[in-house]
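> According to the working numbering, the sequence shown is numbered sequentially starting from 44. Ideal Cβ positions, reconstructed from N, Cα and C, are used throughout, including at glycine. Just so we're clear, the structure is a prediction, and the values are computed from it rather than from any experiment. Here's a structure for you.
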Amino acid sequence: MVVMKDKKRQEKLVCLFKRYLLLCAGLAIMALGVAFSIKASLGTSPISSLPYVLSQFTFLSVGTATILMHVAFICMQILLLRRQYDPIQLIQLPVALVFGALTDLAVWLLQGVNTSSYLMQWLLCAVGILLVGIGVSFEVTANVVTLAGEGMVLAFCKAFRLKFPNVKIGFDVSLVVIACLLSVLFLGGLVGVREGTIAAALLVGLTARQVNRPMKRFAQLYLTPAA
Numbered sequence: 044m045v046v047m048k049d050k051k052r053q054e055k056l057v058c059l060f061k062r063y064l065l066l067c068a069g070l071a072i073m074a075l076g077v078a079f080s081i082k083a084s085l086g087t088s089p090i091s092s093l094p095y096v097l098s099q100f101t102f103l104s105v106g107t108a109t110i111l112m113h114v115a116f117i118c119m120q121i122l123l124l125r126r127q128y129d130p131i132q133l134i135q136l137p138v139a140l141v142f143g144a145l146t147d148l149a150v151w152l153l154q155g156v157n158t159s160s161y162l163m164q165w166l167l168c169a170v171g172i173l174l175v176g177i178g179v180s181f182e183v184t185a186n187v188v189t190l191a192g193e194g195m196v197l198a199f200c201k202a203f204r205l206k207f208p209n210v211k212i213g214f215d216v217s218l219v220v221i222a223c224l225l226s227v228l229f230l231g232g233l234v235g236v237r238e239g240t241i242a243a244a245l246l247v248g249l250t251a252r253q254v255n256r257p258m259k260r261f262a263q264l265y266l267t268p269a270a
């Protein structure tokens with residue numbers, strides 16, 4: 044009996060380790076997607092629009108601005124939920140650090156990529172959308188911790204008893220509006236928010252849902268301990 048319990052415990056730990064590996068893979072893929080969208084110069088996804096704009100008129104890199112934004116989201120979650128806040132969600136902090144670092148690394152890796160036409164811009168934008176969607180699906184399938192942006196949406200839902208889709212839309216729109224205001228104020232025009240931002244808002248979720256189908260089977264086979 045003791046041996047069986049130890050074996051089951053080991054299986055759970057192995058599955059948990061695999062889930063964190065999948066999460067890290069998802070973060071890396073998302074970071075690469077963000078870098079492609081930046082290179083496309085057609086506007087980044089809503090969640091990345093604010094860090095990108097900040098990086099254009101401050102000394103911050105996109106990755107560092109992303110980390111600071113996520114830290115702010117974590118603090119806001121704590122203020123919103125107070126005693127309802129689950130300390131386990133603080134894992135969002137190291138996840139934010141990893142994602143920010145990976146974003147800067149991805150931007151550096153693509154620094155030699157240039158676009159020579161509008162069609163090429165859309166090709167890079169499409170690759171970025173696809174990669175972000177796949178990364179989101181990996182994150183959801185890993186099911187260990189959410190990024191602070193999604194955690195912020197969930198906190199609003201919990202604090203005010205609102206529906207997730209409505210809050211998600213309002214959250215994304217708010218980030219884009221803030222990015223637009225800062226861009227106009229400090230850069231003299233719209234930077235980082237263009238037609239690609241709209242495309243990402245519409246297609247990242249659809250891409251993630253399509254990838255979720257085979258990923259569910261993958262999770263059942265490789266991420267679930269034997270009964």
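For F261, is the classification buried or exposed, using 16 other Cβ atoms within 10 angstroms of its Cβ as the cut-off for buried?
The residue given as residue 261 occupies position 218 in the sequence shown. Classification for F261: exposed.
> Return the Cβ separation of V175 and V236 in integer angstroms, given the expectation that the two are a contact with Cβ distance under 8 Å.
Here residue 175 refers to the residue found at position 132 when the sequence shown is read from its first residue. Here residue 236 refers to the residue found at position 193 when the sequence shown is read from its first residue. Between V236 and V175 the Cβ distance is about 16 Å, and since that is not below 8 Å, they are no contact.
> First and last residue of the alpha helix (DSSP H) that includes P137?
One-based indexing of the sequence shown puts residue 137 at position 94. P137: member of the alpha helix (DSSP H) spanning 135-152, first to last residue.
> Pick out whichever of Q127, Q135, R125 has its Cα sitting closest to the Cα of F116.
Within the sequence shown, the letter at position 73 stands for residue 116. The residue with the shortest Cα to Cα distance from F116 is Q135.
> Distance check for G143 and A83, CA to CA, integer angstroms please.
Working through the sequence shown from its first residue, we reach residue 83 at position 40. Working through the sequence shown from its first residue, we reach residue 143 at position 100. Looking at the two C-alpha atoms, the distance is approximately 19 Å.
> When the distance is taken between beta carbons, is H113 closer than 9 Å to A191?
As a working note, residue 191 is residue 148 in the sequence shown. As a working note, residue 113 is residue 70 in the sequence shown. Contact flag set, yes.
> How would you call K211, buried or exposed, if buried means at least 16 neighbouring beta carbons within 10 angstroms?
As a first step, residue 211 is located in the sequence shown; it is residue number 168 there, counting from the start. Under this definition K211 is a buried residue.
> Just the Cα atoms here: how many angstroms apart are C118 and A74?
Against the sequence shown, residue 118 aligns to sequence position 75. Against the sequence shown, residue 74 aligns to sequence position 31. So the alpha carbons of these two residues sit roughly 23 Å apart.
> Leaving aside the five residues before and after L225 along the sequence, list all residues of the same chain whose C-beta is less than 8 Å from its C-beta, in chain order.
On the sequence shown, position 182 is the one that residue 225 refers to. Hits under 8 Å: L93, V96, L97, F100.
> Let me confirm a value: F181 is counted as buried when at least 16 other C-beta atoms fall within 10 Å, else exposed. Which label applies?
Position 138 of the sequence shown, counted from the first residue, corresponds to residue 181. By the neighbour-count rule (16 or more Cβ atoms within 10 Å), F181 is buried.
> Please give me, in chain order, every unbroken run of the alpha helix (DSSP H) with length at least 4 that falls completely inside the segment 143-223.
161-185, 191-203
> Using only CA atoms, which one of S88, W151, I221, L166 lies nearest to T240?
Numbered from 1 along the sequence shown, position 197 holds the residue referred to as residue 240. For T240, the nearest C-alpha among the options comes from S88.
> Do you know how far the Cα of G76 is from the Cα of Y161?
Reading the sequence shown from its first residue, position 118 is the one you call residue 161. Reading the sequence shown from its first residue, position 33 is the one you call residue 76. Each residue's alpha carbon lies about 18 Å from the other.
> Quick check on the burial criterion: 16 or more other C-beta atoms within 10 angstroms. Buried or exposed for S91?
On the sequence shown, position 48 is the one that residue 91 refers to. So S91 ends up on the buried side.
> Is any beta-carbon of chain D found at less than 9 Å from that of L75?
This model lacks chain D altogether, as it is built from one protein chain only.
> Which residue marks the beginning of the alpha helix (DSSP H) containing V236, and which one marks its end?
Numbered from its first residue, the sequence shown carries residue 236 at position 193. Here V236 belongs to no alpha helix (DSSP H), and DSSP marks it neither H nor E.
> Helix, strand or coil: which one does DSSP assign to L266?
Within the sequence shown, the letter at position 223 stands for residue 266. Here L266 sits in coil by DSSP.
> Give the straight-line distance between the Cα atoms of R252 and A68, rounded to the nearest whole angstrom.
Stepping through the sequence shown from its first residue, residue 252 is reached at position 209. Stepping through the sequence shown from its first residue, residue 68 is reached at position 25. Approximately 18 Å, taken between the alpha carbons.
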